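The structure under discussion appears below in the form of structure tokens.
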Amino acid sequence: MSLDRPAITILTLTPDSALPTTVHLSGEIDIFTSHALRRRLLHTLRHSTDRLVLDLSSLVFCDTAGLGVLIGIQSRARSQGITVVLAAPRPYMSRLLRMTGLDRSFTMA
1 MSLDRPAITI LTLTPDSALP TTVHLSGEID IFTSHALRRR LLHTLRHSTD
51 RLVLDLSSLV FCDTAGLGVL IGIQSRARSQ GITVVLAAPR PYMSRLLRMT
101 GLDRSFTMA
């Protein structure tokens, strides 16, 4: 890992209960950032509406640790009756989700 690699930036928008909770992710989800992301998303789930939108439009990299976070959050969300939506993935991320079959497991937008 080079020192100039972007870290993950997480911006959570929790509107009133009529709108979904949206989390904007930018940077990279990897073994170095996945733990912080998992903690933040679990916290967000506790205060989420019935839909949690993960905006992936600024995500530039995701490894297996990142995919593990997404899968774990989706599982926890389902147990709470919350739908996780992956929104606006870049071509790299779309390809990764297709290759792993996760595009069929998540709601995509």
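Using the UniProt record's numbering, read the sequence shown as starting at 1 and increasing by one per residue. We treat Cβ as the ideally placed atom computed from N, Cα and C, and that holds for glycine. Computed from a prediction, not measured in an experiment: that's the story for all the values here.
Determine the DSSP secondary structure at residue i, reduced to helix, strand or coil.
i: T44; result: helix
i: D55; result: strand
i: L19; result: coil
i: A77; result: helix
i: residue 170; result: Within the shown structure, residues of the chain are numbered from 1 to 109, placing residue 170 beyond reach of any answer.
With distances taken Cα to Cα, identify the nearest neighbour of residue i among the options.
i: S26; options: T49, F61 and H35; result: F61
i: A77; options: S94, V53 and A36; result: V53
i: A18; options: A109, G101, R90 and S48; result: S48
i: P91; options: M99, I71 and L42; result: M99
i: D50; options: G81, R95, V85 and G101; result: G81
i: V69; options: D30, S94 and L13; result: D30
How many Å lie between residue i and residue j at the Cα?
i: D103; j: L97; result: 5 Å
Check the C-beta distance from residue i over to residue j and give it rounded, since I have them as a contact under 8 Å.
i: L44; j: T21; result: The question names Leu, but residue 44 in the sequence shown is Thr. At roughly 6 Å, the Cβ-Cβ gap stays under 8 Å, so T44 and T21 are in contact.
Return the chain-ordered list of same chain residues with a C-beta closer than 8 Å to the C-beta of residue i, the five sequence neighbours on each side being excluded.
i: P89; result: L56, S57, L59, L97 and M108
Within its chain, find whatever has a CB closer than 6 Å to the CB of residue i; leave out the 5 residues flanking it on each side and keep chain order.
i: R40; result: I10
i: H24; result: L11 and D55
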